[in-house]
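Engineer:
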Amino acid sequence: MSEAWRILVVEDEPDGQEVVMDILEYYRIPSDAVGTAEEALKRLAQQIYNGVVIDLALPGMDGFGLLRAIRGDARLKALPCIACTAYHTSMVRKEALEAGFDAYFPKPLDDHALIRELQRLIPK
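So in the numbering used here the end of the sequence shown lands on 127, straight run, no missing numbers.
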């Protein structure tokens, strides 16, 4: 993996944050975690990230709102965004991809699939 990458994890559940962070750490991918969309936007304004893993069910602004904010920012609009949710249905998957997420994963996350998707989405 590339240690030059940095991934932002947006997940309000501490256990969920830990799972994603552990996967990324195992593959030696530096990452930061925040619990809300608002915190994510602050981090994205302060730090350069190569991708964002976003839980769809966040308190306040949800994952879809965060994606709209990211896509509406000229500096961030091309940033790879991956949706994840515990409330998986084929309709939610379709809605997430149509909204502009680059990838979608139901929870529990498949760590190998997540890493393969990051490799595909992040320019070398």
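By construction, the Cβ of each residue, glycine as well, lies at the ideal position given by its N, Cα and C atoms.
Could you name each continuous beta strand (DSSP E) segment of 3 residues or more that falls completely within the stretch 38-116, going from the start of the chain to the end?
Structural biologist: Counting only runs of 3 or more, we get 54-58, 84-88 and 106-109.
Engineer: Do LEU70 and ALA116 come within 8 angstroms of each other at the CB atom, strictly closer than that value?
Structural biologist: On the sequence shown, position 113 is the one that residue 116 refers to. On the sequence shown, position 67 is the one that residue 70 refers to. Result no, Cβ atoms of ALA116 and LEU70 do not sit closer than 8 angstroms.
Engineer: Beta-carbon separation of TYR52 and ARG9 under 8 angstroms?
Structural biologist: For this step, residue 52 is matched to residue 49 along the sequence shown. For this step, residue 9 is matched to residue 6 along the sequence shown. It is a contact, given that the beta carbons lie within the stated cut-off.
Engineer: Hey, would you say PRO17 sits closer than 8 angstroms to THR39, going by beta carbons?
Structural biologist: Stepping through the sequence shown from its first residue, residue 17 is reached at position 14. Stepping through the sequence shown from its first residue, residue 39 is reached at position 36. The answer is no: Cβ separation not under 8 angstroms.
Engineer: How big is the Cα-Cα spacing for HIS91 and ILE118?
Structural biologist: Taking the first residue of the sequence shown as 1, we reach residue 91 at position 88. Taking the first residue of the sequence shown as 1, we reach residue 118 at position 115. One C-alpha to the other measures close to 20 angstroms.
Engineer: Is the number of C-beta pairs between the stretch 68-85 and the stretch 17-35 that are closer than 8 angstroms three or more?
Structural biologist: No, because fewer than three Cβ pairs between the stretch 68-85 and the stretch 17-35 fall closer than 8 angstroms, the two stretches do not touch.
Engineer: So the candidates are LEU82, SER93, LYS110 and TYR107; which of them puts its Cα closest to the Cα of ALA48?
Structural biologist: Residue mapping note: residue 48 aligns to position 45 of the sequence shown, counting from 1. When only C-alpha atoms are compared, the closest one is LEU82.
Engineer: DSSP state of ASP25, grouped into three classes?
Structural biologist: Position 22 of the sequence shown, counted from the first residue, corresponds to residue 25. In the structure shown, ASP25 sits in a helix (DSSP, three-state: H, G or I).
Engineer: Who does ASP35 pair with in a DSSP beta bridge?
Structural biologist: For the purposes of this step, residue 35 is identified with residue 32 of the sequence shown, where counting begins at 1. LEU11.
Engineer: Tell me the DSSP secondary structure of ALA125 in three-state form.
Structural biologist: By one-based count along the sequence shown, residue 125 stands at place 122. Before going on, a small fix: residue 125 reads as Ile here, not Ala. Three-state DSSP puts ILE125 in coil, outside helix and strand.
Engineer: Using the rule of at least 16 other Cβ atoms within 10 Å of the residue's Cβ for burial, across every protein chain shown, is SER93 buried or exposed?
Structural biologist: Here residue 93 is taken as the residue at index 90 of the sequence shown, counted from 1. Exposed, by the Cβ-count rule.
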